[in-house]
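Here's the structure, in structure tokens; my notes come after.
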Amino acid sequence: MNREIRYVIYHADDTDQAVNAVVQNDSIWVTQKAMAELFGVNVPAVNKHLNNIYDEEELSRSSTFSILEIVQVEGIRNVKRKVEFYNLDAIISVGYRVNSKKATKFRIWATGILKEYMTKGFAMDDERLKQGENVFGKDYFRELLERVRSIRASERRIWLQITDIFAECSIDYDQNSDVKKRFFATVQNKFHYAITGQTAAEIVYNSADHEKDYMGLTTWKNAPDGRVLKSDVTIAKNYLDDKQIC
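Residue numbers (this note's numbering): 1 to 246.
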């Protein structure tokens with residue numbers, strides 16, 4: 001793999017901010033010089049902040065620092081040199097400490113993404129996903145689809161959608177009424193029967209087996225590492241496989 005690439009870190013003021021970096025171990029690695037150029041400061045300033053970051057144990061030096069051998073042009077020769085590199089975690093930490101206009105733009109960009117994640121529960125680089133760019137040597141689009149598929153298949157998400165439809169169609173909707181509870185129990189049972197040909201009670205009766213791992217459950221409230229509770233084994237959908245749920 002050609003270790004030296006041109007990698008766009010972020011986009012601010014309609015200007016692509018780029019830096020020479022090495023892609024390795026699902027991260028990007030840059031030198032102190034490259035980091036200084038990225039944030040518009042001198043190398044001693046970057047070095048000072050890195051030392052403070054490690055002294056304060058904000059990051060572990062062993063997991064964010066590496067000495068890599070790269071080929072660089074010196075005059076007319078290609079020379080191999082061992083150079084100190086710092087990964088993406090270190091770049092972000094330095095970016096939040098450096099005092100410069102470029103660093104301020106970086107913090108605005110990064111904080112915007114963090115705010116979007118905290119507000120919406122997700123943050124996406126639409127253009128990278130559309131273009132199929134795999135800067136880290138891996139295309140994460142398939143992983144994204146699998147995670148969305150898992151969210152869509154969650155029982156709570158399905159019932160939230162049904163609740164919305166029911167609330168819109170009913171002029172006297174009361175989420176705590178017995179009528180509402182019976183209605184959802186009936187609809188849920190119809191879903192189970194349409195998928196398996198069995199009612200919820202029949203699914204539990206035919207699937208629960210003390211000789212199988214986890215009583216035959218495919219999921220439960222504290223899955224996959226938490227203990228199975230008594231309430232978990234009475235829920236029919238906990239016995240369904242991925243194909244039946246999706």
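Cβ atoms here follow ideal geometry from the backbone N, Cα and C, with glycine treated the same way. All of these numbers come straight from a predicted model, not from anything done at the bench.
Who pairs with residue i in a beta bridge, going by DSSP?
i, result
"ILE67", "GLU84"
"GLU30", "In the sequence as displayed, the identity of residue 30 is Val instead of Glu. Note: VAL30 sits in a beta bridge opposite TYR86."
"GLU57", "DSSP output for GLU57 lists no bridge partner at all."
"GLU202", "Per DSSP, none; premise fails for GLU202."
"VAL233", "VAL233 is not bridged to any residue."
"VAL79", "GLN72"
Buried or exposed: residue i, going by 16 or more other Cβ atoms within 10 Å of its Cβ?
i, result
"MET118", "exposed"
"GLN161", "exposed"
"HIS49", "buried"
"HIS210", "exposed"
"LEU229", "exposed"
"GLY132", "exposed"
"THR186", "exposed"
"ILE165", "exposed"
"ALA90", "buried"
"MET124", "exposed"
"VAL148", "exposed"
"VAL19", "buried"
"TYR239", "buried"
Compare the C-beta of residue i against all C-beta atoms of chain B and say whether one is closer than 8 Å.
i, result
"SER177", "Among the protein chains of the structure shown there is no chain B, as only one such chain exists."
Taking 7 Å as the cut-off, is the beta-carbon of residue i closer than that to any non-hydrogen atom of the ligand GTP?
i, result
"LEU88", "Of ligands this structure carries none, so the ligand GTP is not represented either."
Helix, strand or coil for residue i? Go by DSSP, reduced to three states.
i, result
"GLU74", "strand"
"VAL94", "helix"
"GLN24", "strand"
"VAL228", "coil"
"PHE39", "helix"
"MET124", "coil"
"LYS180", "helix"
"TYR140", "coil"
If I'm right that residue i touches residue j with Cβ under 8 Å, what's the distance once you round it to whole angstroms?
i, j, result
"ARG81", "ILE70", "6 Å"
"GLY40", "LYS102", "4 Å"
"VAL83", "MET35", "13 Å between Cβ atoms; not a contact."
"ASN87", "THR111", "21 Å between Cβ atoms; not a contact."
Ignore the nearest five residues each way along the sequence and tell me which others in residue i's own chain have a CB closer than 7 Å to its CB.
i, result
"GLN72", "VAL79, ARG81"
"ALA208", "MET215, GLY216, VAL233"
"VAL98", "PHE39, VAL41, ALA45, HIS49"
"ASN189", "THR199, ALA200"
"ASN47", "GLN32"
"ASP174", "LYS180"
Keeping to the same chain, check which residues put their C-beta closer than 6 Å to that of residue i; ignore five residues upstream and five downstream.
i, result
"ASP241", "THR218"
Closer than 8 Å by C-beta to residue i: which residues in its own chain qualify, once you throw out the five before and the five after it? Chain order, please.
i, result
"PHE141", "LEU129, GLY132"
"ASP139", "GLY132"
"CYS169", "none"
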